[in-house]
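Numbering (my numbering), first residue to last: 2 to 384. Glycine is no exception: its CB is placed at the ideal position from the N, C-alpha and C atoms. Here the structure is a predicted model, which means the values were calculated and not measured. Down below is the structure, laid out as structure tokens.
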């Protein structure tokens, strides 16, 4: 397999076999520079080059880049610090009552479910979770939980533990058939898998920037379908949520912004938004279709090698592998210790739930996969 990007674009790839994009992905050098230049400028000059008009427009680049990535319009995009705060704002804004329910999964990343559980403590709504034996979601069980009292299906596009990928268009059809909305956390897919919010009829989609998007920590983006702007009120509000951004403010009443940016509520790390916009531009210059093909090729190569080492797969079988996250167990081995031993040999993976999660991305090569398998074989033989 040919290299997809210039190896010099990612410093860590020159020093480690870095297979941990599902935790934190490294940033391309151009993203590091853009982020640091912004922070240096504001840190050394304050508002000399950032007047009120410039501050009001500081998110424009990220709005436009995210819209291109998702097939959306810039006014359908809001900028934030992380996916968790966006999910909290959505949950509190919807505040489903005692006769309503929200559908999600037991195996979900906690931030996808916790906001609804907290709201349920106060409103009495029913949070319905699939059982997920062996950490795999049964789509039929998921849609079977949806009824006419469902307010939202809230789900990750790709599961953080197993890499299982769900059919968003099918879930949207089920949700809309019952008058509910589909809320998608794309943190484990955006940047690695093509996303089209229009083709998949998605209502709300959000993503943190520091994983497959290769952006800075403390950066995130939200898509809200235009016809929902006036129907969804944020659960958190601040000066950026309104139509008053500028010099003059009126604290007596809230004039919601007539766009998705009503979900922006305060001053965040502006450098992070600049960096994430730069990261998205970088990924799109490579091509998300090409990234997906490259990553899946590496994942299949990895899966074949792991099977030869006697791995038990937590991820879906190779024939159904829909992302480049590969999670495996080796019976009678301590997976935290395995990850540490791999790290000692400059191979970086994550221990998760008694397993090893391995996640190659665009900066990885076939040689990286072969080296990781070689080291793992040596570690297993020594244990």
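Taking 8 Å as the threshold (C-beta atoms), are residue j and residue i in contact?
| i | j | result |
| --- | --- | --- |
| residue 280 | residue 77 | no |
| residue 89 | residue 116 | yes |
| residue 203 | residue 162 | no |
| residue 189 | residue 158 | yes |
| residue 296 | residue 20 | no |
| residue 372 | residue 326 | no |
| residue 343 | residue 6 | no |
| residue 285 | residue 69 | yes |
| residue 87 | residue 223 | yes |
| residue 376 | residue 339 | no |
| residue 277 | residue 361 | no |
| residue 293 | residue 193 | yes |
| residue 55 | residue 275 | no |
| residue 1 | residue 40 | Nothing can be reported for residue 1, as the shown portion of the chain is limited to 2 through 384. |
| residue 367 | residue 213 | no |
| residue 236 | residue 91 | yes |
| residue 289 | residue 195 | yes |
| residue 154 | residue 183 | yes |
Give the single residue among the options whose Cα lies nearest to the Cα of residue i.
| i | options | result |
| --- | --- | --- |
| residue 96 | 287, 152, 220 and 74 | 152 |
| residue 85 | 206, 60, 202 and 305 | 206 |
| residue 313 | 329, 98 and 146 | 329 |
| residue 122 | 34, 133 and 98 | 98 |
| residue 160 | 32, 352, 334 and 106 | 106 |
| residue 258 | 242, 270, 273 and 251 | 242 |
| residue 15 | 360, 347 and 186 | 347 |
| residue 150 | 181, 136 and 173 | 181 |
| residue 201 | 216, 176 and 219 | 176 |
| residue 144 | 111, 102 and 212 | 102 |
| residue 311 | 382, 250, 269 and 263 | 382 |
| residue 178 | 147, 251, 184 and 155 | 147 |
| residue 355 | 368, 337 and 341 | 337 |
| residue 374 | 301, 256 and 114 | 301 |
| residue 30 | 253, 217, 50 and 43 | 217 |
| residue 94 | 287, 291, 58 and 124 | 124 |
| residue 140 | 256, 104, 195 and 110 | 104 |
| residue 1 | 341, 283, 323 and 304 | Absent from the model: residue 1. The displayed extent of the chain is 2 to 384, so no value can be given. |
| residue 112 | 232, 10, 47 and 187 | 187 |
| residue 185 | 324, 43, 250 and 114 | 114 |
| residue 232 | 263, 156, 174 and 307 | 263 |
Who are residue i's beta bridge partners in DSSP?
| i | result |
| --- | --- |
| residue 349 | 19 |
| residue 153 | 103 and 182 |
| residue 359 | 327 |
| residue 342 | Answer is none; residue 342 lacks a bridge partner. |
| residue 268 | None; residue 268 has no bridge partner. |
| residue 166 | 159 |
| residue 257 | 243 |
Beta-carbon of residue i versus every beta-carbon of chain B: anything under 8 Å?
| i | result |
| --- | --- |
| residue 354 | No chain B is present in this structure, which holds just one protein chain. |
Note down, in chain order, each residue of its chain lying with its Cβ closer than 7 Å to the Cβ of residue i, except the 5 sequence neighbours on either side.
| i | result |
| --- | --- |
| residue 133 | 106, 107 and 108 |
| residue 137 | 163, 165 and 317 |
| residue 378 | 310 |
| residue 199 | 72 |
| residue 332 | 313 |
| residue 66 | 278, 281 and 282 |
Below 6 Å CB to CB, which residues in the same chain sit around residue i once its five sequence neighbours on both sides are set aside?
| i | result |
| --- | --- |
| residue 226 | 204 |
| residue 83 | 209 and 221 |
| residue 24 | 351 |
| residue 17 | 347 and 349 |
| residue 269 | 82 |
| residue 28 | 215 |
| residue 246 | 57 |
| residue 219 | 82, 270 and 273 |
Which same chain residues end up closer than 8 Å to residue i when comparing Cβ atoms and leaving out the 5 residues on each side of it in sequence?
| i | result |
| --- | --- |
| residue 61 | 75 |
| residue 392 | This structure cannot speak to residue 392, because the chain is shown only from 2 to 384. |
| residue 12 | 27 and 30 |
Where are the beta strand (DSSP E) runs, 3 residues long or more, that stay fully inside the stretch 26 to 105, in chain order? Runs of the beta strand (DSSP E) inside the stretch 26 to 105: 78 to 81.
Which residue spans inside the stretch 176 to 236 form an unbroken beta strand (DSSP E) run of at least 3? Complete beta strand (DSSP E) runs here, min 3: 182 to 186, 205 to 209 and 221 to 225.
Quick check for students: name the residue ranges of the alpha helix (DSSP H) that lie wholly in the stretch 273 to 340, counting only runs of 4 or more. Within the stretch 273 to 340, the complete alpha helix (DSSP H) runs of at least 4 residues are 289 to 309.
What alpha helix (DSSP H) runs, 4 residues minimum, are completely inside the stretch 113 to 160? For the stretch 113 to 160, whole alpha helix (DSSP H) runs of length 4 or above, ordered along the chain, are 140 to 145.
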